[in-house]
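Residue numbers (numbering that gives the first Met the number 0), protein chains in the order written: chain A, 0 to 241; chain B, 0 to 275; chain C, 0 to 248. All residues carry an ideal CB built from backbone N, CA and C; glycine is no exception.
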Amino acid sequence: MRSALGSAVVVLVLLVVWEGLHLAVSNSGLPSPVATLVRLGVLLGDADFWRQAGETGRAFAAAVVLSTFAGIGLGILLGMNRTTGAVAQPILVNLYALPKVTLYPVVLLIFGLGISARIAFGIMHGMIPLTLFTMNAILNMKPVYRRSAAVMGLTPWQSSFYVVLPAILPEVITGARLGVSLCLLGVLIGEMFAARNGLGFVVMQAMERGDMPSVLAVALLLAVLALVVNAALLALDRAWRR
Amino acid sequence: MSVSPAEVAVVPDTAMPHARLVGVTRVFSRRGKGEDIHALGPIDLDLKRGEFFSVVGPSGCGKSTLLDVLAGLATPTSGTAEFEGRPIAGVPAGVGAVFQEDASFPWLSVTDNVAFGLRRAGVDPAEIARRVDYAIGFMGLRGFADAYPAQLSGGMRQRVCIARTLVMQPRLILLDEPFGALDAQTRLLMGDELLRMWRETGATVLLITHALDEAAMLADRVGVMSARPGVFIDIVATGWDAERDSRIVSHPRFGDLTGHLWERLRVESLKHLREG
Amino acid sequence: MTREGWIRLLVIAAAVAALELACRLGWVPVTVVIPPSAMAASLVDILASGKHWADIVISLRSVAIAAVLSIGLGFLVGAVIHAWPLVRGAVEPLLASYYAVPTFMFYPVFIILFGVGPAAIVAIAVLLAIVSMISATLVGLDRIPLVLRKTARMMHMGPASRALLIGLPAALPHLFTGVKLAVAYAFIGVIASEFILSGAGMGYAIAYAYNNFDNREMYGLMLLIILVVTVVNTGLDAVDRRLQARLRR
Numbered sequence: 000m001r002s003a004l005g006s007a008v009v010v011l012v013l014l015v016v017w018e019g020l021h022l023a024v025s026n027s028g029l030p031s032p033v034a035t036l037v038r039l040g041v042l043l044g045d046a047d048f049w050r051q052a053g054e055t056g057r058a059f060a061a062a063v064v065l066s067t068f069a070g071i072g073l074g075i076l077l078g079m080n081r082t083t084g085a086v087a088q089p090i091l092v093n094l095y096a097l098p099k100v101t102l103y104p105v106v107l108l109i110f111g112l113g114i115s116a117r118i119a120f121g122i123m124h125g126m127i128p129l130t131l132f133t134m135n136a137i138l139n140m141k142p143v144y145r146r147s148a149a150v151m152g153l154t155p156w157q158s159s160f161y162v163v164l165p166a167i168l169p170e171v172i173t174g175a176r177l178g179v180s181l182c183l184l185g186v187l188i189g190e191m192f193a194a195r196n197g198l199g200f201v202v203m204q205a206m207e208r209g210d211m212p213s214v215l216a217v218a219l220l221l222a223v224l225a226l227v228v229n230a231a232l233l234a235l236d237r238a239w240r241r
Numbered sequence: 000m001s002v003s004p005a006e007v008a009v010v011p012d013t014a015m016p017h018a019r020l021v022g023v024t025r026v027f028s029r030r031g032k033g034e035d036i037h038a039l040g041p042i043d044l045d046l047k048r049g050e051f052f053s054v055v056g057p058s059g060c061g062k063s064t065l066l067d068v069l070a071g072l073a074t075p076t077s078g079t080a081e082f083e084g085r086p087i088a089g090v091p092a093g094v095g096a097v098f099q100e101d102a103s104f105p106w107l108s109v110t111d112n113v114a115f116g117l118r119r120a121g122v123d124p125a126e127i128a129r130r131v132d133y134a135i136g137f138m139g140l141r142g143f144a145d146a147y148p149a150q151l152s153g154g155m156r157q158r159v160c161i162a163r164t165l166v167m168q169p170r171l172i173l174l175d176e177p178f179g180a181l182d183a184q185t186r187l188l189m190g191d192e193l194l195r196m197w198r199e200t201g202a203t204v205l206l207i208t209h210a211l212d213e214a215a216m217l218a219d220r221v222g223v224m225s226a227r228p229g230v231f232i233d234i235v236a237t238g239w240d241a242e243r244d245s246r247i248v249s250h251p252r253f254g255d256l257t258g259h260l261w262e263r264l265r266v267e268s269l270k271h272l273r274e275g
Numbered sequence: 000m001t002r003e004g005w006i007r008l009l010v011i012a013a014a015v016a017a018l019e020l021a022c023r024l025g026w027v028p029v030t031v032v033i034p035p036s037a038m039a040a041s042l043v044d045i046l047a048s049g050k051h052w053a054d055i056v057i058s059l060r061s062v063a064i065a066a067v068l069s070i071g072l073g074f075l076v077g078a079v080i081h082a083w084p085l086v087r088g089a090v091e092p093l094l095a096s097y098y099a100v101p102t103f104m105f106y107p108v109f110i111i112l113f114g115v116g117p118a119a120i121v122a123i124a125v126l127l128a129i130v131s132m133i134s135a136t137l138v139g140l141d142r143i144p145l146v147l148r149k150t151a152r153m154m155h156m157g158p159a160s161r162a163l164l165i166g167l168p169a170a171l172p173h174l175f176t177g178v179k180l181a182v183a184y185a186f187i188g189v190i191a192s193e194f195i196l197s198g199a200g201m202g203y204a205i206a207y208a209y210n211n212f213d214n215r216e217m218y219g220l221m222l223l224i225i226l227v228v229t230v231v232n233t234g235l236d237a238v239d240r241r242l243q244a245r246l247r248r
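Written as structure tokens, this is what we have:
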């Protein structure tokens with residue numbers, strides 16, 4: 000509770016800094032927090048904005064669902080064997096560190112300009128951390144868990160479901176937290192480059208018009224949304240670890 | 000060449016205790032919560048110059064706090080602590096310590112680890128080389144002088160820490176469960192090393208341990224502490240001669256001794272177990 | 000090289016060979032992906048012609064500046080927060096969620112603050128990279144074993160030499176993990192900003208080639224970025240693993 004209060008103070012400080020920057024460079028057009036919030040209110044009352052948000056939401060949801068299943072599945076597959084894990088680990092880490100934007104044209108060439116390209120790009124971002132965390136959770140699981148399960152006479156299926164799964168779940172949730180955030184990033188980058196709809200497209204259009212309040216309003220909305228979703232997953236993470 | 004404390008500044012007064020605790024207590028105040036924790040004492044203790052004193056007690060009885068007070072790492076809440084006749088304020092010169100946790104510096108080789116304190120103290124390089132070489136040989140680290148701690152076993156790393164303390168030629172050596180993390184056989188052998196070191200240096204040794212056999216085998220006197228707040232409920236003289244080694248575990252009196260210690264400690268340990 | 004290393008090389012070689020075969024047999028149209036051999040040839044042409052040297056220099060310079068700034072500032076901020084528990088309690092929950100914020104959307108703000116050009120891109124990359132360094136600094140300072148501090152005090156060391164001779168080397172393996180991540184994020188931030196938003200650099204060159212349907216050039220540039228990033232990351236990873244080995248006790 001005290002940390003929530005502290006975080007609120009930090010947010011307040013950030014707002015004050017923003018207002019200060021606005022006053023310092025006001026002639027060059029950095030909108031104030033209030034102006035941004037007012038514009039956000041206008042946007043939220045606009046049916047077209049909601050249509051664009053819906054586009055982003057659909058791509059995001061599809062990317063999250065698909066990357067979660069694919070990421071965990073691949074992580075389990077690679078983590079079952081020590082050799083496959085050791086072979087895959089550096090490749091995955093390198094893929095994670097790669098600026099994946101550069102590969103976006105390939106995705107566009109394969110999937111075309113529609114929503115599926117953005118979904119695929121979201122998956123490319125979100126799947127890797129999930130795979131990595133799941134794989135490492137299985138590889139690093141205390142061997143005594145499996146041995147205890149075997150001694151208690153559990154079948155391999157039972158031990159997977161009642162022992163392995165609960166043991167790796169906290170790590171998987173951590174991976175999912177990263178994955179969900181990166182999915183959103185992937186989808187938004189996809190929309191900012193070569194798309195005709197979605198919130199990323201709205202921002203790019205506003206940038207071209209020089210409509211700073213709209214840019215900041217959407218950016219702020221997405222930032223807050225991302226923080227809230229992440230905080231919720233973080234709380235889930237902590238609750239499970241306890 | 001020996002690492003004996005030949006350069007002792009003050010002429011030893013054999014009548015005066017080497018280190019003395021009078022009415023020492025230690026109370027931790029818990030921030031935010033009203034109640035304070037009375038961790039230790041009151042403790043009265045005289046360490047004779049050159050004796051091997053061992054402290055046993057249940058977990059959490061304040062053994063380590065007692066050591067911290069002697070090392071100058073913690074100040075007593077009340078009472079006085081003295082080393083060589085002077086009150087202890089900060090870490091006194093001439094006191095060395097080895098802790099239970101591995102305190103070797105992982106970024107330095109064995110030689111650099113052992114030489115670290117001497118270099119800090121600005122000792123002449125030739126003298127450093129001489130003392131480090133001796134300590135490395137004495138602790139059986141000869142083949143590992145250029146190795147790094149990560150390449151060594153837990154027992155070897157603890158030898159590095161002991162060697163690092165020895166080269167400083169301390170007159171009082173404090174040992175806080177230095178073998179707690181080692182297996183039982185290694186512990187017995189390390190005990191032999193300790194006795195050899197103690198005889199060679201003539202230093203006063205205070206060893207904190209939870210192993211009764213270790214205390215009974217190594218010490219001239221064993222202090223038994225109560226559950227928290229720890230006070231001495233018994234101090235037992237072992238009566239071994241100075242040339243002892245780990246083979247005394249088969250001495251008929253050894254069983255009586257550990258039996259006696261356990262009798263005193265059992266009740267206190269139960270208290271700890273129940274109160275957790 | 001280890002057995003796993005050989006297998007890994009074999010897996011990658013097999014994947015490249017499979018792609019080459021698929022392209023050559025026409026299973027994958029050249030309008031989508033060109034064969035790896037053609038990518039390599041294109042990369043050689045790009046480097047030999049010197050056509051993109053200016054872009055390469057701009058990008059690498061931005062990455063280097065962004066990495067150095069985020070590592071230095073990140074360490075400083077981390078050290079200050081660590082020394083100040085009250086601030087830490089307030090900031091840490093935000094740090095854990097920070098990377099979820101789509102940083103690129105704030106690009107126009109940096110244009111207003113720093114003008115059009117590399118400075119705004121460096122700022123975005125720093126914004127992206129600095130947090131991993133801050134977090135790594137906090138972890139590193141937390142993990143300095145208490146017993147080492149005690150040992151330093153037994154050796155009569157003052158606060159300054161304790162921090163420099165004991166604290167820093169003890170925290171170094173954790174700090175280096177932050178360095179590794181900061182460099183990776185600096186690359187991502189710079190290349191991605193150039194790709195979406197800028198008019199110069201390797202990221203922009205790829206976007207430009209894509210928009211002009213110049214697949215050969217595009218794939219050559221992609222291969223270049225992948226190679227550069229892989230070499231840098233592998234190098235940092237090797238150092239990282241050496242430092243981590245020290246901690247294995």
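8 Å contact criterion, which residue i and residue j should meet: CB distance rounded
i: Leu112/A; j: Ala193/A; result: 6 Å
i: Leu264/B; j: Pro41/B; result: About 20 Å; that fails the 8 Å criterion.
i: Tyr184/C; j: Ala128/C; result: 4 Å
i: Ala80/B; j: Leu72/B; result: 11 Å between Cβ atoms; not a contact.
i: Leu117/B; j: Val166/B; result: 6 Å
i: Asp239/C; j: Lys179/C; result: 5 Å
i: Ile207/B; j: Asp182/B; result: That pair is no contact at about 19 Å.
i: Val55/B; j: Val223/B; result: 6 Å
Residue i to residue j span [Cα, whole Å]
i: Met132/C; j: Ala85/A; result: 26 Å
i: Asp45/B; j: Gly157/C; result: 30 Å
i: Ala82/C; j: Glu262/B; result: 47 Å
i: Leu68/C; j: Met216/B; result: 59 Å
i: Ile172/A; j: Asp236/A; result: 6 Å
i: Trp197/B; j: Phe51/B; result: 8 Å
i: Met243/A; j: Ile75/A; result: The structure shown has nothing for residue 243/A, since chain A only spans 0 to 241.
i: Pro148/B; j: Asp111/B; result: 11 Å
i: Ala13/C; j: Leu20/C; result: 10 Å
i: Gly49/B; j: Ala202/B; result: 5 Å
i: Ala8/B; j: Arg170/B; result: A caution first: Ala8/B carries a pLDDT of 45, below 50, which makes its placement in the model unreliable, though a value can still be read off. Going from the Cα of Ala8/B to the Cα of Arg170/B covers about 11 Å.
i: Thr147/C; j: Phe132/A; result: The residue you asked about is not Thr; residue 147/C is Leu in the sequence shown. Near 32 Å, if we compare the C-alpha coordinates of Phe132/A and Leu147/C.
i: Ser28/B; j: Met0/C; result: 56 Å
i: Pro107/C; j: Ala238/A; result: 39 Å
Spatial neighbours of residue i in its chain, beta-carbon cut-off 7 Å, leaving aside the 5 residues before and after
i: Ile143/C; result: Gly166, Ala169 and Ala170
i: Ala175/A; result: Thr67, Leu129 and Leu232
i: Val202/A; result: Met191, Val214, Val217 and Ala218
i: Pro75/B; result: Val23, Thr24, Arg25 and Val68
6 Å Cβ shell around residue i - same chain, five flanking residues per side excluded
i: His37/B; result: Val26 and Pro228
i: Lys270/B; result: Ala226
i: Ala87/A; result: Leu77
heavy atom of the ligand MN below 7 Å from residue i C-beta
i: Thr150/C; result: You won't find the ligand MN in this model; it holds no ligand whatsoever.
Other residues of its chain near residue i: CB distance less than 8 Å, five sequence neighbours each side excluded
i: Leu153/A; result: Tyr161 and Val162
i: Leu138/A; result: Gly78, Arg81 and Gly84
i: Leu112/C; result: Ala119 and Ala122
Check whether the region 53–62 of chain C touches the region 194–212 of chain C, counting contact only when three or more Cβ pairs, one atom from each stretch, lie closer than 8 Å. At 8 Å Cβ cutoff, the stretches touch.
Pairing CB atoms from the region 109–123 of chain A with CB atoms from the region 35–43 of chain C, are three or more of them under 8 Å? They do not touch, by the three-pair rule.
Between the region 240–248 of chain B and the region 89–105 of chain B, are three or more C-beta pairs nearer than 8 Å? The region 240–248 of chain B, when compared against the region 89–105 of chain B, does not touch it at the 8 Å Cβ threshold.
Does the region 99–106 of chain A come into contact with the region 61–79 of chain A, if we say contact requires no fewer than three beta-carbon pairs (one atom in each stretch) closer than 8 Å? No, they do not touch.
Report the residue ranges of all alpha helix (DSSP H) runs contained in full by the region 122–200 of chain B; include only those spanning at least 4 residues, in chain order. Entirely contained in the region 122–200 of chain B, the alpha helix (DSSP H) runs reaching 4 residues are, in chain order, 124–137, 153–165 and 183–200.
Say whether the region 113–130 of chain C touches the region 147–163 of chain C, bearing in mind that this needs 3 or more beta-carbon pairs closer than 8 Å, one atom from each stretch. No: fewer than three Cβ pairs fall under 8 Å.
With a cut-off of 8 Å, do at least 3 Cβ pairs link the region 120–127 of chain B to the region 179–196 of chain C? Two segments are said to touch when three or more pairs of C-beta atoms, one from each, lie closer than 8 Å; by this definition the region 120–127 of chain B does not touch the region 179–196 of chain C.
Are the region 61–81 of chain C and the region 99–109 of chain C in contact at 8 Å, needing three or more beta carbon pairs? No, because fewer than three Cβ pairs between the region 61–81 of chain C and the region 99–109 of chain C fall closer than 8 Å, the two stretches do not touch.
Cβ pair count under 8 Å reaching 3, the region 141–153 of chain A against the region 11–30 of chain A: These segments do not touch.
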